[in-house]
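Colleague: Chains as they are written, first to last, in the numbering used here: chain R, 1 to 361; chain C, 1001 to 1361.
The structure under discussion is supplied below as structure tokens; questions concerning it will follow.
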């Protein structure tokens, strides 16, 4: 079913462990997201974590902007076994407290946490606790205002990578290698360049994503392009899709990105033609019905729904099962071979029956 | 405004002309789509073409499955100056008739139009009319059923490219170089490999897209990944996003892909943070309002809408203008420099005012 799996040669990286999830090495590329509520709202946060986990989120990050948030992590930790990451910006003491309260990873931003002694304190605490640190750089925060103008002209990616490389020497001095790196910008081109450049300089696993890329209308396109491009190059060990909206949607899009590249499987994937002047019947409605009916199937199969018989079985031969519409009926096929005719109104049920009788292979 | 323009080195290609639009060479990467109505419904088709053109579609393809459709092209030609492409599958005579009826390009599918004499007839007719031909291969149709199983295992991309290269010898024998090539599969990995392999073998411009990649829920992700990856490699001279749905949405997504890579500009692009526990205020609603208000602006600027002051001006320094929410107010900034405070309910208006007073540079 997953013939495409492992077709993309993957960058060799060290492996780190975040709670029960491994990042890097030969671990599956994991999906993460972030809670979007004040962290001290423990009950609401736990409910959001539950929704995220139910959708397939494997690592959950939480903002820790103040002591209230750091303290709340204790209760949140008791309420979930999801791997938790504390997101720290300005105050290193919050990182120490978050580690005491049981988080599985800390993210520090080299743009904000710069004092050597403070970074050392966080590194030593993480080492003692046996948890990794994400060095999470953002283009805007890592470059000071004056440099920004220059970087805009001369290459923000290189500037980001140089800064992060400098920062990593602090970790090397402490003999701490339990690191995940991210280098995000809201610009897709600069982001992918930064990761590509960094990939040549180290073997730390990468958390990949496009930061602040907007509402779903633009953010899905930007995240798919940036994360997709890197994954196609074998770069990326854990992914975060950032969208201004419900974090559950971030997980959904991340799953589609990974499955779209054959890297992981999360249930059926529907491939359907865009329709054209050759199309017989209302393909848009039929596809919607098929999507709904097959949502209970967990097998990662390709299901084709094509608008005409000429294109149908042939162009959809990559699919495990599929239909091609004809005048008043459809033909059902398995890997390009026609099996039988079905009535248009029975298409979704027929595909569900096929999907559920496929062998788990 | 478009500092990122031309940052990606582009594959050198010949240039062809489709009506008033150039494809390849240094021409802007053009956007195309396809009508999704029976071609003989001339009035409806012309209305759909008008909607597509209004959204920014630069080349319109129409299915020509039979003589009714071929004949209708005569009336459609009279009703629009949009560059028109006739999509031919089985019957080469329909290509000849379409050319007589004034189309600006013909697409032939090497999987269906195979007879040497028939292909020659189409080439000679196109040559006499001075129009290009797209050699538009689809994985499913180009590989015969028996080969499909093998190709699934051994590499569909290489099989597609070999087939198309064979086919192109027919064109070379006729000394016809006015060619655009596409090599589509519904599988993203195979599709990008096919284009990459073909890019090494010729300098014909490429029409890039992922075929039959499904409804918007999955198709936007797959198209963004496939088209985005190729464009990031400098491959692609004209793009088609295929979605099971309204073709106008295909054009919208194509615009976002091109603008997201800094290749073209189509009005403001909103970058907004995903929000987190640090966010002040209802960023989702504010972003929606900003999107609506700025929809009348044509300048291709980056507009940041960030949820907190800590991340705001710094992380959004790549933006031309932006706001960062604080408690009960927001700060307005230009390229990372704070300009003034605004009330939360005035954010969208303030950004509109800023956007419309920026110099056209």
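We put the CB at the ideal spot given by N, CA and C, even for glycine.
Source: prediction; values computed, not measured.
Pick helix, strand or coil for residue 39 of chain R, following the three-state DSSP scheme.
Modeller: Coil, per DSSP.
Colleague: Does the Cβ-Cβ distance between residue 237 of chain R and residue 31 of chain R come in under 8 angstroms?
Modeller: Going by C-beta atoms, residue 237 of chain R is not nearer than 8 angstroms to residue 31 of chain R.
Colleague: Quick one: is residue 1229 of chain C near chain R, going by C-beta distance under 8 angstroms?
Modeller: Chain R, which has a Cβ nearer than 8 angstroms to the Cβ of residue 1229 of chain C, makes this yes.
Colleague: Under 7 angstroms Cβ-Cβ, which residues of chain C neighbour residue 192 of chain R?
Modeller: 1232, listed in chain order.
Colleague: According to DSSP, what are the bridge partners of residue 330 of chain R?
Modeller: In the DSSP output, where bridge partners are listed per residue, residue 330 of chain R has R:325, R:342.
Colleague: I need the boundaries of the alpha helix (DSSP H) containing residue 257 of chain R, first residue and last residue.
Modeller: Here the alpha helix (DSSP H) through residue 257 of chain R covers 247-260.
Colleague: Are the CB atoms of residue 29 of chain R and residue 232 of chain R within a distance shorter than 8 angstroms?
Modeller: Not closer than 8 angstroms, so no.
Colleague: Are the C-beta atoms of residue 346 of chain R and some chain C residue less than 8 angstroms apart?
Modeller: Closer than 8 angstroms: no.
Colleague: If you measure beta-carbon to beta-carbon, which residues of the segment 1126-1139 of chain C are closer than 8 angstroms to chain R?
Modeller: Here the close residues are 1138, 1139.
Colleague: Against chain C, does residue 306 of chain R count as a neighbour if the rule is that its beta carbon must be under 8 angstroms from one of theirs?
Modeller: Output row for residue 306 of chain R: interface = yes.
Colleague: Report the residue from C:1172, C:1244, C:1222, C:1184 whose alpha carbon sits nearest the alpha carbon of residue 1035 of chain C.
Modeller: Considering only alpha carbons, the answer is C:1244.
Colleague: Using a Cβ cut-off of 8 angstroms, pull out every chain R residue sitting near residue 1279 of chain C, in sequence order please.
Modeller: What residue 1279 of chain C touches in chain R: 36.
Colleague: Secondary structure at residue 6 of chain R, three-state DSSP: helix, strand or coil?
Modeller: Since pLDDT at residue 6 of chain R reaches only 48, below the 50 mark, its modelled position is unreliable, and the value read off the structure follows with that caveat. Three-state DSSP puts residue 6 of chain R in coil, outside helix and strand.
Colleague: State the beta-bridge partners of residue 87 of chain R as determined by DSSP.
Modeller: DSSP output for residue 87 of chain R lists R:63, R:107 as bridge partner(s).
Colleague: Residue 72 of chain R to residue 47 of chain R, Cα distance in whole Å?
Modeller: Straight-line Cα distance between these residues: approximately 14 angstroms.
Colleague: Report the neighbours of residue 53 of chain R on chain C: residues whose CB is nearer than 9 angstroms to its CB, in chain order.
Modeller: Those do not exist, as residue 53 of chain R stays about 18 angstroms from chain C at its closest Cβ, beyond 9 angstroms.
Colleague: From residue 1349 of chain C to residue 327 of chain R, what distance separates their C-alpha atoms?
Modeller: Cα to Cα, residue 1349 of chain C sits roughly 53 angstroms from residue 327 of chain R.
Colleague: Got a sec? Which residues, its chain only, sit under 8 angstroms from residue 291 of chain R by beta carbon, not counting five neighbours each side?
Modeller: Cβ neighbours of residue 291 of chain R beyond the five flanking positions: 270.
Colleague: Determine the chain C residues that contact residue 261 of chain R at a beta-carbon separation under 8 angstroms, and present them in chain order.
Modeller: Within chain C, the residues near residue 261 of chain R are 1188, 1189, 1225.
Colleague: Could you tell me whether the Cβ atoms of residue 86 of chain R and residue 62 of chain R are closer together than 8 angstroms?
Modeller: Yes, the Cβ-Cβ distance between residue 86 of chain R and residue 62 of chain R is below 8 angstroms.
Colleague: Going by C-alpha distance, which of R:66, R:82, R:65, R:70 is nearest residue 33 of chain R?
Modeller: Taking only the C-alpha atoms, the option nearest residue 33 of chain R is R:82.
Colleague: What residues of chain C sit near residue 256 of chain R, judged by a beta carbon separation below 7 angstroms?
Modeller: Simply 1218, 1221.
Colleague: Based on Cα-Cα distance, which residue from R:84, R:195, R:189, R:308 lies nearest to residue 1257 of chain C?
Modeller: Among R:84, R:195, R:189, R:308, the Cα nearest to that of residue 1257 of chain C is on R:189.
Colleague: Which residues of chain C have a Cβ atom closer than 8 angstroms to the Cβ of residue 270 of chain R, listed in chain order?
Modeller: Neighbours of residue 270 of chain R on chain C, chain order: 1214, 1215, 1218.
Colleague: Can you list, in chain order, the stretches of the beta strand (DSSP E) that have 3 or more residues and sit fully within the segment 1108-1195 of chain C?
Modeller: Runs of the beta strand (DSSP E) inside the segment 1108-1195 of chain C: 1133-1138, 1179-1184.
Colleague: Could you tell me the alpha carbon to alpha carbon distance between residue 40 of chain R and residue 1310 of chain C, rounded to whole angstroms?
Modeller: Going by the C-alpha atoms only, they are around 19 angstroms apart.
Colleague: Could you check what DSSP says for residue 227 of chain R in three-state terms: helix, strand or coil?
Modeller: Residue 227 of chain R: helix per DSSP, three-state reduction.
Colleague: Is residue 243 of chain R near the ligand ZN, with its Cβ less than 7 angstroms from a heavy atom?
Modeller: Absence of the ligand ZN from the depicted structure is noted, as is the absence of any ligand whatsoever, leaving it without description.
Colleague: By Cβ distance below 6 angstroms, which residues in the same chain neighbour residue 1345 of chain C in space, the five residues on each side in sequence not counted?
Modeller: Around residue 1345 of chain C: no qualifying Cβ.
Colleague: Mind checking whether residue 176 of chain R and residue 220 of chain R have CB atoms under 8 angstroms apart?
Modeller: No. Outside cutoff.
Colleague: Against chain C, with Cβ distances strictly below 8 angstroms, would residue 50 of chain R count as a contact?
Modeller: Residue 50 of chain R does not count as touching chain C.
Colleague: Give every residue of the same chain whose Cβ lies closer than 7 angstroms to the Cβ of residue 266 of chain R, excluding the five residues on either side of it in the sequence, and list them in chain order.
Modeller: Contacts found: 56, 255, 259, 300.
Colleague: For residue 1357 of chain C, does the count of other Cβ atoms within 10 angstroms reach 16, so buried, or fall short, so exposed?
Modeller: Residue 1357 of chain C is exposed by the Cβ-count criterion.
Colleague: Determine the contact status of residue 280 of chain R and residue 307 of chain R, defining contact as a CB-CB distance below 8 angstroms.
Modeller: Against a cut-off of 8 angstroms, the Cβ pair of residue 307 of chain R and residue 280 of chain R comes out as a contact.
Colleague: Closer than 7 angstroms between beta carbons: that is the criterion. Which residues of the segment 1057-1084 of chain C meet it against chain R?
Modeller: The residues in question are 1062, 1063, 1065, 1069.
Colleague: What residues from chain C crowd round residue 287 of chain R, counting only those whose CB sits closer than 8 angstroms?
Modeller: What residue 287 of chain R touches in chain C: 1214, 1215, 1244.
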